[in-house]
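Undergrad:
Chains as they are written, first to last, in this note's numbering: chain A, 86 to 271; chain B, 251 to 739.
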């Protein structure tokens with residue numbers, strides 16, 4: 086039964102995501118929450134001690150949390166990479182070293198650089214919606230294009246962290262070379 | 251049906267061959283078409299299914315990350331399949347996500363029809379097939395893809411197949427015609443030849459014709475061969491038979507001629523000496539009477555009467571002989587006149603109370619001398635056998651029976667037993683004793699021979715003591731009017 090409930094929840098969320106028209110910030114973050122979870126489907130970590138030691142697939146929110154409970158609802162009882170998904174919230178990036186995906190909210194502002202430094206070289210997929218995230222060595226940055234939530238990828242940063250992103254994911258990325266298209270609202 | 255029975259064997263064979271090949275081809279066409287139709291449609295659906303699955307895989311991320319452009323790019327790969335009219339990806343909630351439509355095709359609207367939990371389904375429409383396929387990510391339903399493909403290929407195939415079948419049917423008809431004409435040479439022509447030969451044999455009785463034997467050694471050749479051998483046998487048999495008949499006829503006529511000659515000679519040569527015996531007897535009788543020896547006179551009387559009977563027998567035998575050999579000279583003869591003369595002569599010789607009825611002017615076409623012999627024999631018989639009657643009645647006449655005329659001589663005399671009628675006309679066969687009615691037994695045989703030579707018939711009816719009637723016919727002779735009858739004493 087909970088599986089059915091979950092499916093219904095996902096369907097509902099997808100519907101919401103599609104209906105996003107960005108005027109509604111809540112909807113936008115609900116879509117971003119879904120994307121965060123969906124990234125988990127297309128990410129593969131190269132085997133290492135750090136990766137092997139993970140018991141759970143942690144999606145961590147560093148700093149201020151704009152997503153609310155959307156992500157928690159979405160990931161309840163889900164598994165990614167064969168491990169149960171857990172949503173964790175933490176003050177600093179230093180605490181996110183064992184996470185699989187680290188979402189750094191735009192509210193971090195200037196802290197983004199230090200956050201990225203703290204995670205550099207670690208098998209953690211960094212995602213943020215702050216501007217110039219990719220230029221600072223971030224891996225995936227949310228962008229808004231034509232009222233749709235999209236994302237751009239810095240493939241060099243991804244590779245240097247021994248992370249493999251599926252070509253399926255890269256196919257739908259706005260760009261993969263670390264640049265963000267001009268005229269996009271962060 | 252009428253056409254079938256009216257046709258020759260060749261025609262019937264042709265109809266049969268055409269019917270059989272046509273039916274076979276039609277059945278083959280239908281079954282192939284059905285199979286082709288089924289398998290084509292099946293193949294089409296299979297290939298659509300594969301394409302839908304690939305598109306589903308490739309649009310997973312596009313659906314997950316709401317990327318319509320990528321989804322449409324994925325769909326546009328269908329451009330390579332010209333039979334696909336349109337394809338559309340729907341979101342999980344059923345709203346349209348990405349659309350592909352073939353450029354030249356009219357805008358096709360696709361309505362998602364998949365039931366919840368259904369992975370794949372296809373719907374066959376008028377001239378198209380719609381296939382729906384669920385897109386799943388990690389086992390979760392995230393959308394669906396629909397592909398609409400036209401079945402024009404199937405229609406084309408059907409038409410092409412039809413044309414091909416028609417062409418094959420025509421070819422089969424041509425082969426059937428060829429086969430029947432071959433059959434004609436193989437069977438029909440020898441049969442016709444045989445039938446024609448049989449016809450000639452049965453109509454013209456010409457047993458010398460032969461049917462042409464086919465060169466092949468088949469049943470027909472055997473049949474014709476047997477037929478010819480049968481004709482050989484018949485011809486040979488007939489030849490032998492004809493030869494035998496000719497031989498027998500020659501033998502018979504030779505024997506007849508000898509007998510005729512012998513009896514004539516006997517009769518003719520006996521006459522002379524007999525006449526002498528009679529004359530001498532007569533002289534001796536006169537002398538004996540003068541010499542008063544009554545015993546000798548009585549003996550001589552017996553001798554004279556015996557010689558006179560023998561003389562009349564010889565006369566009759568000569569008549570009989572002539573009746574069979576003398577050449578016929580056909581003229582118109584007045585039978586009534588002849589009958590009258592004969593009866594007058596009889597009346598002159600023996601005064602009796604007698605009533606004669608002679609039809610007037612009954613003519614016939616016959617040999618006058620011989621027909622006179624006939625009438626003399628018949629009337630003399632009538633005279634003789636009616637001699638015991640108080641009032642004798644003799645009639646000559648003619649009546650029409652059917653299309654032939656029957657001449658008759660009738661009396662009321664002693665008559666005869668009808669049971670022995672077949673003996674009447676045989677020579678030396680008599681139904682009455684010599685004591686009752688003297689006679690030679692040659693007269694009626696002579697009558698029959700003469701009438702037969704004329705080509706007519708003779709017969710008699712009678713009963714004991716009730717008289718007799720002798721009838722005869724003569725070809726080409728007619729009674730004419732039956733008018734006066736004559737009474738004379």
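Glycine included, each C-beta is placed from N, C-alpha and C at the ideal position. Only a predicted model underlies this, so the values are computations on that prediction, with no experimental measurement involved.
(1) Determine the contact status of residue 725 of chain B and residue 704 of chain B, defining contact as a CB-CB distance below 8 Å.
(2) Against chain D, with Cβ distances strictly below 8 Å, would residue 142 of chain A count as a contact?
(3) Strictly below 8 Å CB to CB, what residues from chain A border residue 310 of chain B?
(4) Taking contact to mean 3 or more Cβ pairs, one atom from each stretch, closer than 8 Å, check whether the segment 322-340 of chain B and the segment 234-254 of chain A are in contact.
(5) Starting from residue 657 of chain B, follow its DSSP beta bridges and name the residues at the other end.
(6) Would you report the Cα separation of residue 744 of chain B and residue 709 of chain B, rounded to the nearest angstrom?
(7) Nearest by alpha-carbon distance to residue 532 of chain B: which of B:551, B:524, B:521 is it?
(8) Taking the alpha carbon of residue 131 of chain A as the reference point, which residue from A:229, A:210, A:239 has its own alpha carbon closest?
(9) For the structure I just gave you, are there three or more beta carbon pairs, one from the segment 212-229 of chain A and one from the segment 166-180 of chain A, closer than 8 Å?
(10) Helix, strand or coil for residue 604 of chain B per DSSP?
(11) For chain B, find out if any of its Cβ atoms is closer than 8 Å to the Cβ of residue 130 of chain A; answer yes or no.
(12) Does residue 186 of chain A get closer than 8 Å to chain B when you measure Cβ to Cβ?
(13) Under 7 Å Cβ-Cβ, which residues of chain A neighbour residue 320 of chain B?
(14) Between the alpha carbons of residue 99 of chain A and residue 299 of chain B, how many angstroms are there, rounded?
(15) Starting from residue 422 of chain B and walking both ways along the alpha helix (DSSP H), at which residues does that stretch end?
(16) Would you identify the three-state DSSP class for residue 108 of chain A, choosing helix, strand or coil?
(17) Whose CA, out of B:447, B:310, B:469, lies closest to the CA of residue 481 of chain B?
(18) Quick one: give me the first and last residue of the beta strand (DSSP E) that residue 634 of chain B is part of.
(19) Mind listing the chain B neighbours of residue 227 of chain A? Cutoff is C-beta to C-beta under 7 Å, in chain order.
(20) Where does the unbroken alpha helix (DSSP H) through residue 560 of chain B begin, and where does it stop?
(21) Beta carbon of residue 366 of chain B, beta carbon of residue 302 of chain B: below 8 Å?
(22) Roughly how many angstroms separate the alpha carbons of residue 692 of chain B and residue 599 of chain B, rounded to a whole number?
(23) In chain order, what residues of the same chain have a beta carbon less than 6 Å from the beta carbon of residue 380 of chain B, not counting five sequence neighbours either side?
(24) Residues of chain A with CB under 7 Å from residue 364 of chain B, in chain order?
(25) Starting from the C-beta of residue 462 of chain B, find all residues in its chain whose C-beta is less than 6 Å away, skip the five residues before and the five after it, and write them out in chain order.
(26) Do residue 26 of chain A and residue 156 of chain A have their CB atoms nearer than 8 Å?
(27) So residue 128 of chain A and residue 317 of chain B are in contact, right, with Cβ under 8 Å, and what is the actual spacing, rounded?
(28) Going along chain B, which residues have a C-beta under 7 Å from residue 218 of chain A?
(29) Given that a residue counts as buried once 16 or more other Cβ atoms are within 10 Å of its Cβ, and exposed if not, what is residue 569 of chain B?
(30) Whole angstroms is fine: what's the gap from residue 567 of chain B's alpha carbon to residue 517 of chain B's?
(31) Output yes if chain A places a C-beta closer than 8 Å to the C-beta of residue 387 of chain B; else output no.
(32) Tell me whether residue 382 of chain B sits in a helix, a strand or coil according to DSSP, three-state version.
(33) Shortest alpha-carbon distance to residue 326 of chain B belongs to which of B:351, B:314, B:310, B:673?
(34) Counting only beta-carbon atoms, is residue 239 of chain A nearer than 8 Å to chain B?
(35) How many Å lie between residue 185 of chain A and residue 143 of chain A at the Cα?
(36) Is the segment 222-237 of chain A in contact with the segment 269-282 of chain B, if contact means three or more CB pairs nearer than 8 Å?
TA: From the atom records:
(1) yes
(2) You won't find chain D in this structure, because its protein chains are A and B.
(3) 253
(4) no
(5) B:648, B:722
(6) Residue coverage of chain B in this structure runs from 251 to 739, which leaves residue 744 of chain B outside it and unanswerable.
(7) B:551
(8) A:210
(9) no
(10) strand
(11) no
(12) no
(13) 256, 257
(14) Because the pLDDT of residue 99 of chain A is 48, which lies under 50, any placement of that residue in the model is unreliable, and the question is left without a value.
(15) 402-433
(16) Low per-residue confidence applies at residue 108 of chain A: pLDDT is 42, beneath 50, and the placement is therefore not dependable enough to give any value.
(17) B:447
(18) Taken as a continuous stretch (DSSP letters only), residue 634 of chain B belongs to no beta strand (DSSP E), being part of the alpha helix (DSSP H) at 618-635.
(19) Simply none; closest approach about 11 Å.
(20) 544-575
(21) no
(22) 22 Å
(23) 373, 398
(24) Chain A residues near residue 364 of chain B: none, gap ~14 Å exceeds 7 Å.
(25) 443
(26) Residue numbering for chain A in the displayed model covers 86 to 271; residue 26 of chain A lies beyond these limits and cannot be assessed.
(27) That belief does not hold up - the Cβ atoms of residue 128 of chain A and residue 317 of chain B are roughly 17 Å apart, past 8 Å.
(28) Result: empty, since nearest Cβ-Cβ is about 17 Å, beyond 7 Å.
(29) buried
(30) 7 Å
(31) yes
(32) strand
(33) B:351
(34) no
(35) 5 Å
(36) no
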